[in-house]
Amino acid sequence: MRKKGQPLAIILPLIIFLTLITGASAGSVEDADFPISSQMGDSRIGPDAPPILLPPTAAGWQGEVRSPWDVASYLAFHKAAAFDAGTGSGSREIPTGNQYLYDVGYYDIVFNLNPSTHVLTGTVTMRATASTASLDMVELDLRVNMNVSSVTSGGAATTYSHLSDILSIDLDRTYSSGEEFILVIDYSGTPSGGYFAFDSNGGETLIWTLSQPYGARTWWPCKDYPFDKPDSVDIHVTVPSGLITASNGSLREQTDDGTLAYSWWHEEYPIATYLVSLAIHPYSVFTDAYVYSPGDSMDLVFYDFPAHAAGNRPINAMIKDIIGAFASVYNEYPFLNEKYGHAEFPWGGGMEHQTCTSLGYYAESIAAHELSHMWWGDMITCEDYHHIWLNEGMATYSEAIWYELAYGPEAYHQDLSANQYFGPGTIYVPDLSNTNRIFDSNLSYNKGSWVPHMLRHVVGDDDFFEILNTYYTQYGYSVATTEDFQSVAESVSGLELGAFFTQWIYGEYFPIYSYSWNAAASGDGFDISLIVDQLQSSQIFTMPIDVAITTASGEEIQVIQDHLATQSFMLHVDEEPLSIVLDPDNWILRLILSPLPEPTFDKEILLVNGVSWDSYGAEILSAYEDRAFSGDLAIDFWDYFDEPGSGYPSTLPAPRGHGAVPGDILGEYKNVIWIGNDYNGDVSGWIDSPIYSYLGAGGNVLLMTRRGESFIMDPYREYLGIDWESETTIYDCIAVEPGLSDIARIGTQSYNATFSSTVGPESTLLFEAQQGFGAYRGIGVIAIPPDGGTYNPEGGRFAFLSGRPYRWDHFDLQENVIYILYHYFGIEASDVGQSESSNLSFILNHPGPNPFSALTSIGFTLPTAESTRLAVWDISGRLVRVLLDNKMDAGRHSVKWDGLDGSGNEVATGLYFYRLESGTHSAQQKVLKLK
Numbered sequence: 001m002r003k004k005g006q007p008l009a010i011i012l013p014l015i016i017f018l019t020l021i022t023g024a025s026a027g028s029v030e031d032a033d034f035p036i037s038s039q040m041g042d043s044r045i046g047p048d049a050p051p052i053l054l055p056p057t058a059a060g061w062q063g064e065v066r067s068p069w070d071v072a073s074y075l076a077f078h079k080a081a082a083f084d085a086g087t088g089s090g091s092r093e094i095p096t097g098n099q100y101l102y103d104v105g106y107y108d109i110v111f112n113l114n115p116s117t118h119v120l121t122g123t124v125t126m127r128a129t130a131s132t133a134s135l136d137m138v139e140l141d142l143r144v145n146m147n148v149s150s151v152t153s154g155g156a157a158t159t160y161s162h163l164s165d166i167l168s169i170d171l172d173r174t175y176s177s178g179e180e181f182i183l184v185i186d187y188s189g190t191p192s193g194g195y196f197a198f199d200s201n202g203g204e205t206l207i208w209t210l211s212q213p214y215g216a217r218t219w220w221p222c223k224d225y226p227f228d229k230p231d232s233v234d235i236h237v238t239v240p241s242g243l244i245t246a247s248n249g250s251l252r253e254q255t256d257d258g259t260l261a262y263s264w265w266h267e268e269y270p271i272a273t274y275l276v277s278l279a280i281h282p283y284s285v286f287t288d289a290y291v292y293s294p295g296d297s298m299d300l301v302f303y304d305f306p307a308h309a310a311g312n313r314p315i316n317a318m319i320k321d322i323i324g325a326f327a328s329v330y331n332e333y334p335f336l337n338e339k340y341g342h343a344e345f346p347w348g349g350g351m352e353h354q355t356c357t358s359l360g361y362y363a364e365s366i367a368a369h370e371l372s373h374m375w376w377g378d379m380i381t382c383e384d385y386h387h388i389w390l391n392e393g394m395a396t397y398s399e400a401i402w403y404e405l406a407y408g409p410e411a412y413h414q415d416l417s418a419n420q421y422f423g424p425g426t427i428y429v430p431d432l433s434n435t436n437r438i439f440d441s442n443l444s445y446n447k448g449s450w451v452p453h454m455l456r457h458v459v460g461d462d463d464f465f466e467i468l469n470t471y472y473t474q475y476g477y478s479v480a481t482t483e484d485f486q487s488v489a490e491s492v493s494g495l496e497l498g499a500f501f502t503q504w505i506y507g508e509y510f511p512i513y514s515y516s517w518n519a520a521a522s523g524d525g526f527d528i529s530l531i532v533d534q535l536q537s538s539q540i541f542t543m544p545i546d547v548a549i550t551t552a553s554g555e556e557i558q559v560i561q562d563h564l565a566t567q568s569f570m571l572h573v574d575e576e577p578l579s580i581v582l583d584p585d586n587w588i589l590r591l592i593l594s595p596l597p598e599p600t601f602d603k604e605i606l607l608v609n610g611v612s613w614d615s616y617g618a619e620i621l622s623a624y625e626d627r628a629f630s631g632d633l634a635i636d637f638w639d640y641f642d643e644p645g646s647g648y649p650s651t652l653p654a655p656r657g658h659g660a661v662p663g664d665i666l667g668e669y670k671n672v673i674w675i676g677n678d679y680n681g682d683v684s685g686w687i688d689s690p691i692y693s694y695l696g697a698g699g700n701v702l703l704m705t706r707r708g709e710s711f712i713m714d715p716y717r718e719y720l721g722i723d724w725e726s727e728t729t730i731y732d733c734i735a736v737e738p739g740l741s742d743i744a745r746i747g748t749q750s751y752n753a754t755f756s757s758t759v760g761p762e763s764t765l766l767f768e769a770q771q772g773f774g775a776y777r778g779i780g781v782i783a784i785p786p787d788g789g790t791y792n793p794e795g796g797r798f799a800f801l802s803g804r805p806y807r808w809d810h811f812d813l814q815e816n817v818i819y820i821l822y823h824y825f826g827i828e829a830s831d832v833g834q835s836e837s838s839n840l841s842f843i844l845n846h847p848g849p850n851p852f853s854a855l856t857s858i859g860f861t862l863p864t865a866e867s868t869r870l871a872v873w874d875i876s877g878r879l880v881r882v883l884l885d886n887k888m889d890a891g892r893h894s895v896k897w898d899g900l901d902g903s904g905n906e907v908a909t910g911l912y913f914y915r916l917e918s919g920t921h922s923a924q925q926k927v928l929k930l931k
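If you read the sequence shown in full-length UniProt numbering, its first letter stands for residue 1, the second for the next number, and so on.
Below you can see the structure in the form of structure tokens.
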């Protein structure tokens with residue numbers, strides 16, 4: 001075994017949701033949300049690649065990615081799911097005491113695989129060294145369903161027992177420390193669970209493995225923990241003719257006699273057992289080369305499903321460039337004597353098998369993530385899964401490094417922004433029995449990626465990359481812990497970093513900064529008195545903070561060392577400071593409650609969009625066309641995102657700007673309506689806008705978003721007076737307060753925050769959800785501070801409605817928004833631009849719910865009183881039922897359809913059209929009827 005710190009001089013079909021009307025899924029996975037843009041092609045490449053869409057290939061996946069780069073939730077779920085399927089409850093997560101008494105140096109693994117019977121017949125030879133004074137028995141990991149037929153020790157048959165997934169072997173004699181012994185184990189069986197699969201793809205045999213964290217034991221006997229890496233492994237595989245075997249290391253021999261195909265792979269570098277892999281199929285093989293110096297190159301070998309070879313080619317072709325990029329900052333590719341490549345398999349994401357990643361979805365960010373594991377995870381492996389962030393956090397960070405090197409600093413910061421996590425839990429994994437906790441996408445992956453990002457700024461670029469190079473050299477081909485990484489970082493930088501690693505790896509949450517400042521002329525310049533407060537209720541953080549000071553001549557950065565709940569600093573500049581911003585480039589995982597310039601509140605409503613046009617297309621466009629979020633009120637508009645390719649909806653004015661909303665802009669408005677989504681980075685717009693200070697000044701905010709906990713962090717939660725319950729799917733929205741009305745949903749309302757229906761004394765519960773919960777849960781609330789705000793004693797009101805705003809019935813939502821604005825925010829009739837009595841627009845809303853089984857609501861708005869007809873037709877053009885045929889007044893109206901035809905009979909399942917005709921106006925929408 002390599003000693004720690006010792007230097008060495010089936011593709012499952014993509015689930016494509018049918019977007020009939022609303023973009024809601026027609027499939028059975030209610031909580032999945034994969035906008036259907038960009039499933040294929042070169043759109044998977046580049047910093048503006050649309051969101052990665054990954055098929056749920058294991059039961060229970062209800063997740064989604066949050067940005068073009070955020071693959072963590074998907075990859076993490078499937079690693080945990082593989083463990084649950086392959087090992088199940090009751091399996092061991094820590095070695096036995098005996099397994100610490102010997103070091104494995106070598107495995108020789110021989111497999112004969114029969115795809116017809118699903119039987120694996122194997123022989124494993126293990127060479128190991130005693131590390132205790134007296135060793136007469138060893139214990140290996142092997143699932144009990146695998147049948148051991150014989151074991152030899154030192155060439156002689158020996159006795160053994162096989163119980164509770166432990167193979168206990170009596171050695172041929174007692175071995176002293178440093179003595180080597182050899183075991184040979186013959187066994188056979190059908191591997192159980194999700195780690196080894198006899199599968200098929202396109203009618204052809206497919207055999208694949210994925211063993212992280214503890215799955216190698218399900219198909220071969222070994223010491224199945226990452227702390228003991230054998231120095232080398234040989235893998236011999238015999239399968240039916242025509243099959244090609246991809247595995248670790250270099251291919252030493254390959255034959256096919258027309259009946260059987262044989263492959264011999266040799267891994268000459270130390271390798272963790274979970275990284276030993278097989279991928280077997282009649283692959284199409286594509287080769288390339290990574291040229292690491294003039295005249296010297298390493299083979300790149302890609303094993304593709306034949307039908308996918310052309311589609312996989314663009315990503316495969318990028319690999320040599322990504323290797324070169326990582327080598328330029330991390331040190332050379334660590335398995336240079338062998339190869340790198342991909343073997344396609346049906347898992348959907350990727351698994352970093354040493355020198356041959358198993359890849360199921362070919363996207364740039366996944367390819368970069370898995371490739372970076374060759375450095376962080378394969379060459380240097382976490383000693384145990386308490387420290388999995390050294391694998392997954394570093395690989396997630398490496399996605400950002402690739403984007404930086406390929407596309408520039410903005411892409412780097414955009415990637416890290418998508419990885420922000422502000423919830424509870426430590427990056428350190430305290431409980432190894434909970435595999436969902438090991439592969440927690442928020443902690444091990446996303447927050448884990450912020451540790452090297454923040455460390456980079458603490459120590460500076462030169463020292464940071466020197467730390468990674470020293471870590472590479474000192475712990476290469478071995479294992480490491482957080483403390484090992486910290487030791488290297490301290491040695492290189494000369495800094496004491498105990499507080500840094502303690503607070504970020506072993507502590508929870510993040511700093512919440514607020515600050516105030518004033519300046520006074522002093523000598524040849526100005527002295528700035530800066531006070532910084534940490535408002536979080538958890539630990540106090542010790543961090544350097546960049547302070548951006550803007551003067552008439554431009555911006556300069558000064559750095560303060562902050563480590564107290566309240567701390568004062570004196571800074572000096574040559575010219576009068578005009579503004580001050582903390583951490584302008586987001587080098588800290590933090591929330592900053594920036595001060596707000598004195599507001600004027602001379603304008604009425606600013607509507608802020610935080611829903612990605614590219615990702616949610618028709619859904620969000622139609623919601624704006626229907627004026628779902630502001631009705632006919634006059635608004636100004638701000639867009640976190642760039643203009644959609646099709647242009648803005650006709651109901652929106654030109655945006656005043658993009659990105660976060662500056663404080664001077666916010667301060668112009670009495671009311672802000674914020675449409676959020678926590679997808680593709682829009683939470684950053686909320687975080688970087690001085691919303692909290694705006695509330696304190698007396699501005700009113702209506703926030704409508706899914707994933708409310710991402711927006712409503714402390715102290716926003718305390719301001720609202722709520723206690724979170726869980727993030728879940730909500731099925732109904734029941735009005736609590738008189739004047740409000742129930743809101744129907746028109747699509748899947750997944751990933752939504754709920755809270756206790758008991759709210760604080762200054763808060764009023766507006767909406768509840770009941771279906772699926774034992775007790776009612778709050779989903780809508782408003783806080784009304786008794787003293788208002790500093791500049792508006794009737795303001796400072798904060799309303800929140802949980803849910804994807806574009807998937808609430810547009811007409812229902814519009815009615816309630818108008819009521820909240822009038823009744824709670826105090827908008828007066830004189831503030832209405834397109835008033836209720838004049839200049840209404842002709843609108844036919846989308847139905848809600850849609851699809852429906854029992855009852856759906858059809859809303860519409862008429863600009864004038866007219867004879868109006870609303871009728872339903874089937875797809876053949878046959879009239880099904882006339883729902884309305886009367887003269888109707890101007891205004892908003894709603895009609896229900898119960899799924900019956902004109903004769904009172906229930907209509908068949910299928911797609912229907914409804915058409916509204918009123919005066920010279922007409923419009924048509926679609927609705928899906930289910931049983």
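We treat Cβ as the ideally placed atom computed from N, Cα and C, and that holds for glycine.
Residue i vs residue j beta-carbon contact at 7 Å
i	j	result
residue 1012	S612	Any question about residue 1012 goes unanswered here, given that the chain covers just 1 to 931.
H810	D574	no
G610	G685	yes
I779	A769	yes
N419	N446	yes
Element boundaries [alpha helix (DSSP H), containing residue i]
i	result
I438	435-438
V488	482-493
F811	810-819
Residue interval of the beta strand (DSSP E) (run including residue i)
i	result
W265	260-267
H658	Counting along the chain, H658 falls outside any beta strand (DSSP E), and DSSP gives it neither H nor E.
V138	135-141
residue 934	Given a span of 1 to 931 for the chain in the structure shown, any question on residue 934 remains unanswerable.
N700	700-705
K926	921-929
S284	284-293
residue 960	Since the first residue shown for the chain is 1 and the last is 931, residue 960 is missing from the structure and cannot be characterised.
Beta carbon proximity, residue i to chain B, threshold 7 Å
i	result
G460	No chain B is part of this structure, which consists of one protein chain only.
Beta-carbon separation (whole angstroms), residue i vs residue j, contact threshold 8 Å
i	j	result
D103	S134	Not confirmed; about 16 Å, so no contact.
L390	W402	Not a contact, Cβ separation roughly 19 Å.
T255	Y262	5 Å
Straight-line gap, residue i to residue j (C-alpha atoms, nearest Å)
i	j	result
V777	G708	Residue 777 is actually Arg in this sequence, not Val. In a straight line, the C-alpha of R777 is about 14 Å away from that of G708.
Y214	D165	12 Å
Y912	L900	12 Å
H921	S867	11 Å
P653	D636	7 Å
M543	D562	6 Å
F359	A406	Correcting the residue identity first, residue 359 is Leu in this sequence and not Phe. L359 and A406: Cα-Cα distance of roughly 22 Å.
P761	L702	19 Å
G910	K929	5 Å
S449	A367	17 Å
P577	D664	16 Å
I549	E268	55 Å
E556	A519	16 Å
Item to complete: Check whether the stretch 786-793 touches the stretch 690-697, taking contact to mean three or more Cβ pairs, one atom from each stretch, closer than 8 Å.
Response: At 8 Å Cβ cutoff, the stretches touch.
Quiz item: Is the number of C-beta pairs between the stretch 273-288 and the stretch 192-209 that are closer than 8 Å three or more?
Solution: Result yes; three or more Cβ-Cβ pairs closer than 8 Å.
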